[in-house]
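Chemist:
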């Protein structure tokens, strides 16, 4: 078998497991976005105790390696739930990966949204209030359109980091791109190790370039509007 044929076969094998990574990336990004919005709201409103807890959570999420949170979610949740009376539950590796990656990246995203909100001049808030806008109208008509251009570059970087971190999920038994790579290396006794890692690097690069390109297109569209 030639090197070219071997590379094509390996690539096809990895492409079969690529949807697993994509699903985890999309669901983790959605969970992280929702929780980051909640965190940002609580931190900006400075609600006693709750805001301090939100600040502590963001600091914790940004300081603990994603792999540790992955292990905590996978091995810790089944042990914690019975202690708080929620019964016995065995969490699947997929669910553990989505939860841990989502909450891990929500800390970073919150630090993107908070300064974007604060970048809107105080006079904009006062003008909206003087015009009789409700809080929801003020946010969606005045604040959000000015926040988005500021937040998009940082949010795009956070998505790229999320893609990078999905390379860790094979550690809890998910047969994704990296899991398939490790199995292939074991079967070939390490003969194709460099080739396999090169293919993996190309696949992650393609996902990152695609994500970055979509964010840049969105930035241009927002700038035009």
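Numbering (our numbering), first residue to last: -14 to 210. Yeah, the Cβ is synthetic: ideal placement off N, Cα and C, and Gly gets one too. Please read these numbers as outputs of a predicted model, since none were measured by experiment.
Shortest alpha-carbon distance to residue 182 belongs to which of 151, 88 and 170?
Modeler: Here residue 182 is taken as the residue at index 197 of the chain shown, counted from 1. Residue 182 has its Cα closest to that of 170, out of 151, 88 and 170.
Chemist: Does the beta-carbon of residue 114 have 16 or more other beta-carbons within 10 angstroms, so that it is buried, or is it exposed?
Modeler: Working through the chain shown from its first residue, we reach residue 114 at position 129. It counts as exposed.
Chemist: Can you tell me which of 11, 205, 95 and 168 puts its alpha carbon nearest to the alpha carbon of residue 27?
Modeler: Counted from its first residue, the chain shown places residue 27 at position 42. The residue with the shortest Cα to Cα distance from residue 27 is 95.
Chemist: Looking at residue 145 and residue 207, is the spacing between their C-beta atoms short of 9 angstroms?
Modeler: One-based indexing of the chain shown puts residue 207 at position 222. One-based indexing of the chain shown puts residue 145 at position 160. No, the pair does not count as a contact, with Cβ atoms beyond the cut-off.
Chemist: Alpha carbon to alpha carbon, how far is residue 109 from residue 76?
Modeler: Walking along the chain shown from the start, residue 109 turns up at place 124. Walking along the chain shown from the start, residue 76 turns up at place 91. Taking the straight line from one Cα to the other gives about 46 angstroms.
Chemist: Using CA atoms only, rank isn't needed, just tell me which of 141, 19 and 37 is closest to residue 197.
Modeler: Counting from one through the chain shown, the residue named residue 197 turns up at place 212. Of 141, 19 and 37, the residue nearest in Cα terms is 141.
Chemist: What residue does the alpha helix (DSSP H) around residue 106 start on, and which one ends it?
Modeler: Position 121 of the chain shown, counted from the start, is the residue given in the question as residue 106. No alpha helix (DSSP H) contains residue 106, which DSSP labels as neither H nor E.
Chemist: With distances taken between CB atoms, is the gap from residue 13 to residue 203 smaller than 9 angstroms?
Modeler: Here residue 13 refers to the residue found at position 28 when the chain shown is read from its first residue. Here residue 203 refers to the residue found at position 218 when the chain shown is read from its first residue. Cβ distance not < 9 angstroms, so residue 13 and residue 203 don't count as in contact.
Chemist: Check residue 31 in the structure and name its three-state DSSP category.
Modeler: In the chain shown, counting from the first residue as 1, residue 31 sits at position 46. Coil, per DSSP.
Chemist: One question on the structure: do residue 84 and residue 16 come within less than 9 angstroms of each other, judged by their Cβ atoms?
Modeler: In the chain shown, residue 84 corresponds to position 99, counting from 1. In the chain shown, residue 16 corresponds to position 31, counting from 1. The answer is yes: Cβ separation under 9 angstroms.
Chemist: Just to confirm my understanding: we take residue 41, look at its own chain, exclude 5 residues before and 5 after, and list those with CB closer than 6 angstroms. What are they?
Modeler: If you number the chain shown from 1, residue 41 lands on position 56. Nothing meets the Cβ criterion.
Chemist: Tell me whether the stretch -10 to 6 and the stretch 153 to 169 touch, counting them as touching only if at least three CB pairs, one residue from each stretch, are closer than 8 angstroms.
Modeler: The answer is yes - the stretch 153 to 169 touches the stretch -10 to 6, with three or more Cβ pairs under 8 angstroms.
Chemist: Which two residues bound the contiguous alpha helix (DSSP H) that contains residue 166?
Modeler: Locating residue 166 in the chain shown gives position 181, where the first residue counts as 1. Per DSSP, residue 166 belongs to the alpha helix (DSSP H) from 162 to 172.
Chemist: Any chance you could list the beta strand (DSSP E) runs of at least 3 consecutive residues sitting entirely within the stretch 77 to 153, in chain order?
Modeler: Within the stretch 77 to 153, no complete beta strand (DSSP E) run reaches 3 residues.
Chemist: Going by CA-CA distance only, name the one from 9, 43 and 10 that's closest to residue 25.
Modeler: Residue 25 sits at position 40 when you count from the first residue of the chain shown. With distances taken between Cα atoms, residue 25 lies closest to 43.
Chemist: What number of angstroms, rounded off, separates the C-alpha of residue 102 from the C-alpha of residue 156?
Modeler: Here residue 102 corresponds to residue number 117 of the chain shown, with the count starting at 1. Here residue 156 corresponds to residue number 171 of the chain shown, with the count starting at 1. Going from the Cα of residue 102 to the Cα of residue 156 covers about 37 angstroms.
Chemist: Where does residue 182 fall in DSSP's three states?
Modeler: Counting from 1 along the chain shown, the entry for residue 182 is found at position 197. Here residue 182 sits in helix by DSSP.
Chemist: Quick check on residue 34: buried or exposed, where buried means 16 or more other Cβ atoms within 10 Å of its Cβ?
Modeler: Locating residue 34 in the chain shown gives position 49, counting from the first residue. Exposed, because fewer than 16 other Cβ atoms sit within 10 Å of the Cβ of residue 34.
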